[in-house]
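Novice: I have a structure I would like to understand better, so I am pasting it below and will then ask my questions one at a time.
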């Protein structure tokens, strides 16, 4: 996705708006440099009658992939899910995102759903 200042401004506003259930967590080096982050949110699951988690974005800087940063992010997200009583956290990824999927396959399970997206124009 192309990034610009308007998008960044919107995301930061969401993160700090108490009325929007949208959050971010990060992972830093021992020197305090941010090397990875997740954007996630709470959403209702009507068929379950409960709230669940949804992971929107995950990024780890290429120089720090394979260092355990992504595992730290998922460990934190799992703790947040437990703390909030979410039965699961769901996310989508590209079928050809093999490196990420090799991590996801170790910590989660695939489900038998297909994702559709309907353009509004």
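Residue numbers (this note's numbering): -5 to 115.
Just so it is clear, CB atoms sit at the ideal spot from N, CA and C, and this is done for glycine as well.
For residue 100, which residues of its own chain have a beta-carbon under 6 Å away from its beta-carbon, when the five flanking residues on both sides are left out?
Specialist: Position 106 of the chain shown, counted from the first residue, corresponds to residue 100. Once the five neighbours on either side are set aside, residue 100 has no close Cβ partner at all.
Novice: Taking its Cβ as the centre, do 16 or more other Cβ atoms sit within 10 Å of residue 108, making it buried, or is it exposed?
Specialist: Translated into positions along the chain shown, residue 108 becomes position 114. The residue is exposed, with fewer than 16 neighbouring Cβ atoms inside 10 Å.
Novice: Pull up the distance between the alpha-carbon of residue 104 and that of residue 43, whole angstroms please.
Specialist: Indexing the chain shown from 1 puts residue 104 at position 110. Indexing the chain shown from 1 puts residue 43 at position 49. Looking at the two C-alpha atoms, the distance is approximately 22 Å.
Novice: For the alpha helix (DSSP H) that residue 71 lies in, which residues bound it at each end?
Specialist: Within the chain shown, residue 71 is the residue found at index 77, counting from 1. Taken as a continuous stretch (DSSP letters only), the alpha helix (DSSP H) holding residue 71 covers 63 to 78.
Novice: Can you round the beta-carbon distance between residue 52 and residue 66 to whole angstroms, since I take them to be within the 8 Å contact cut?
Specialist: For the purposes of this step, residue 52 is identified with residue 58 of the chain shown, where counting begins at 1. For the purposes of this step, residue 66 is identified with residue 72 of the chain shown, where counting begins at 1. Not really, about 12 Å apart at Cβ, beyond 8 Å.
Novice: Comparing alpha-carbon positions, which option in 87, 21, 40 lies nearest residue 64?
Specialist: Along the chain shown, one-based indexing puts residue 64 at 70. The residue with the shortest Cα to Cα distance from residue 64 is 21.
Novice: Count the other C-beta atoms from every protein chain shown that fall within 10 angstroms of the C-beta of residue 32, then say buried if there are 16 or more, exposed otherwise.
Specialist: If you number the chain shown from 1, residue 32 lands on position 38. Buried: at least 16 other Cβ atoms inside 10 Å.
Novice: Look up residue 1 in the DSSP assignment and say whether it is helix, strand or coil.
Specialist: One-based indexing of the chain shown puts residue 1 at position 7. Reduced to three states, the DSSP call for residue 1 is helix.
Novice: Suppose you measure from the CA of residue 106 to the CA of residue 40; what does that come to, to the nearest Å?
Specialist: Within the chain shown, residue 106 is the residue found at index 112, counting from 1. Within the chain shown, residue 40 is the residue found at index 46, counting from 1. Residue 106 and residue 40: Cα-Cα distance of roughly 18 Å.
Novice: Can residue 10 and residue 50 be called in contact, C-beta distance under 9 Å?
Specialist: On the chain shown, residue 10 is found 16 positions in, with the first residue counted as 1. On the chain shown, residue 50 is found 56 positions in, with the first residue counted as 1. No, these two residues do not count as a Cβ contact at 9 Å.
Novice: Closest to residue 102 by C-alpha separation, out of 89, 115, 83, would be which residue?
Specialist: What you label residue 102 is simply residue 108 of the chain shown in a count that begins at 1. When only C-alpha atoms are compared, the closest one is 83.
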